[in-house]
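Q: According to my numbering, the residues represented by the sequence shown are 1424 to 1748, in order.
Backbone N, C-alpha and C define an ideal beta-carbon position, used for all residues, glycine too.
Model, not experiment: these values are computed from the prediction.
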Amino acid sequence: MFIAILITGCGENSSGDKKVAIAFPNTTPSWQRNGDSMKKTLEEEGFNVELQFSATSDEQVKQVKEILENNPSCVVIGAIDGEAFVEVLEQAKEQGTPIIAFDRIIKNTDAVNYYASFDNEAIGEAMGEYFEAALNLKNGGGPYNIELFAGGPSDNNAHLFFKNTMAILEPYFKTGQLVCPSKQMDFNSCATADWNSANARNRIKDLLSKYYNAGQPLQAVLSPNDDIAGVILEEMKARGMQKPLISGLDADPAAINRIKAGEQTFTVSKDPDLLTSKCVRMIKAVVEGTEPSINDVTTYDNGVKVIPAYLCTPYIIDSGNVSNY
Ligand code: BGC
């Protein structure tokens, strides 16, 4: 109720244009695709769009501060650091600018009105279930060596992906069907700061030289996205190792090619056009002062309130269906 009151009447800025500002990270190829798709769709709907990318959290927070000074009708943020917006979004509240969190939740502030994302818990589960089935773990498959990678600690999604995958895989570590030679199995040891693939490259190099230097096989690798899967595969190939069972996320064109070539096992697709279309409907509703369509009002407690969300459904692409892409 509070949200509806807050938004009604303040969606249009003083000049009456429908100005939407978007602040996204430029850290992986998927963000560029999301940004392009949002801009194109919003412009087709008659919005005036300001799309900005940034490489660091400080830069992004500064960008959002400047954006708010221009009093747009709505601001869409793909947060680099989900906890960095508490102060800057006070201004959004004061001036009544609706804020939509895109793909990643923004924490510890009640200035966020809505969240448009994928079902991030389902993504983690889908990855875990894929490993479980492909390694025949339910029927006693193994033992297999596996190494685990997670995304960036400042992104809530990275925690959800890892937690939900591990909930499925953990029993198989207990039975000894899965073995992690490095013993690096908690989120912090497996995390990739800022989702930066150069950090993942350093870590896989280190793991391979310490634990796989005498011909030990590495049969499976949990990779949190395609960008990171790419560098892991490169490093394993450079050492002449067998291709592992390896996950990915985002359906990057490079990953689709690797799946076609039999190098990467699968990716989870978060169709940018699907997320964009849902987010654009949300933007239109908040700008027009109506209630957007949401399908989740329980999952995303940001520490201050549960953010009403629209969660899209991800799907798996592997050798069985990759020819459609
Ligand atoms: C997104 C992934 C993306 C990653 C790195 C996550 O929040 O959900 O799709 O690969 O960030 O940018």
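For V1745, does the count of other Cβ atoms within 10 angstroms reach 16, so buried, or fall short, so exposed?
A: By the neighbour-count rule (16 or more Cβ atoms within 10 Å), V1745 is buried.
Q: Counting C-beta neighbours from all protein chains within 10 Å, is the total for V1511 16 or more, i.e. buried, or is it exposed?
A: Answer is buried; the Cβ neighbour count reaches 16.
Q: Could you check how far apart the C-beta atoms of Q1486 and A1539 are, in whole angstroms? I think they sit under 8 Å.
A: Incorrect: roughly 19 Å between the Cβ atoms, too far for contact.
Q: Looking only at its own chain, which residues have a Cβ that is under 7 Å from the Cβ of N1747, when we skip the five neighbours before and after it?
A: So no residue of the chain qualifies.
Q: Rounded C-beta distance between V1535 and I1522? I'm assuming under 8 Å.
A: Between I1522 and V1535 the Cβ distance is about 5 Å, and since that is below 8 Å, they are a contact.
Q: Could you tell me whether the Cβ atoms of A1732 and Y1723 are closer together than 8 Å?
A: Taking 8 Å as the Cβ cut-off, A1732 and Y1723 qualify as a contacting pair.
Q: What separation, rounded to the nearest whole angstrom, lies between the Cα atoms of Y1635 and K1606?
A: Cα to Cα, Y1635 sits roughly 13 Å from K1606.
Q: From the DSSP output, which residues share a beta bridge with V1498?
A: Paired residues: A1444 and I1522.
Q: Quick one, which of P1452, T1451 and R1456 has its alpha-carbon nearest L1697's?
A: It is R1456 whose Cα lies nearest to the Cα of L1697.
Q: Any heavy atom of ligand 1 closer than 7 Å to the Cβ of P1576?
A: P1576 Cβ: outside cutoff for every heavy atom of ligand 1.
Q: Return the CA-CA distance between S1460 and D1649, expressed in angstroms with no decimal places.
A: Their Cα atoms are separated by approximately 19 Å.
Q: Starting from the C-beta of D1440, find all residues in its chain whose C-beta is less than 8 Å away, skip the five residues before and the five after it, and write them out in chain order.
A: These residues qualify, in order along the chain: N1471 and S1496.
Q: DSSP three-state label for S1577, please.
A: Reduced to three states, the DSSP call for S1577 is coil.
Q: Any idea what DSSP makes of L1645, helix, strand or coil?
A: In the structure shown, L1645 sits in a strand (DSSP, three-state: E or B).
Q: Whole angstroms is fine: what's the gap from E1544's alpha carbon to G1575's?
A: So the alpha carbons of these two residues sit roughly 16 Å apart.
Q: Run the CB neighbour count on G1671, radius 10 Å, all protein chains shown included, and call it buried at 16 or more, exposed below.
A: G1671 is buried by the Cβ-count criterion.
Q: Say whether the segment 1696 to 1710 touches the segment 1637 to 1657, bearing in mind that this needs 3 or more beta-carbon pairs closer than 8 Å, one atom from each stretch.
A: The segment 1696 to 1710 vs the segment 1637 to 1657: no contact.
Q: Any heavy atom of ligand 1 closer than 7 Å to the CB of D1673?
A: It does: the Cβ of D1673 is within 7 Å (strictly closer) of some heavy atom of ligand 1.
Q: Taking the CB atoms as reference points, tell me whether L1641 and N1568 lie closer together than 8 Å.
A: Yes, these two residues count as a Cβ contact at 8 Å.
Q: Is the beta carbon of F1525 sitting closer than 8 Å to the one on I1500?
A: Yes, they are a contact pair.
Q: Report the partner residues of Y1738 according to the DSSP bridge assignment.
A: For Y1738, which the question treats as bridged, DSSP gives the partners S1692.
Q: Does DSSP classify F1476 as helix, strand or coil?
A: Reduced to three states, the DSSP call for F1476 is strand.
Q: For N1744, decide whether its Cβ has a neighbour in chain D, counting only Cβ atoms nearer than 8 Å.
A: You won't find chain D in this structure, because it holds only one protein chain.
Q: Take A1674 as the anchor and find which of D1741, T1721, I1529 and N1619 has the nearest alpha-carbon.
A: Here the closest residue by C-alpha is D1741.
Q: How long is the line joining the alpha carbons of N1559 and Y1595, rounded to whole angstroms?
A: So the alpha carbons of these two residues sit roughly 11 Å apart.
Q: Output the boundary residues of the alpha helix (DSSP H) element that contains Y1635.
A: That residue, Y1635, is in no alpha helix (DSSP H); it is neither H nor E in DSSP.
Q: Rounded to whole angstroms, what is the Cα-Cα separation between S1632 and E1506?
A: Each residue's alpha carbon lies about 35 Å from the other.
Q: Would DSSP call V1605 helix, strand or coil?
A: Val is not the amino acid found at residue 1605; the sequence shown has Ser there. S1605 falls in the coil class under three-state DSSP.
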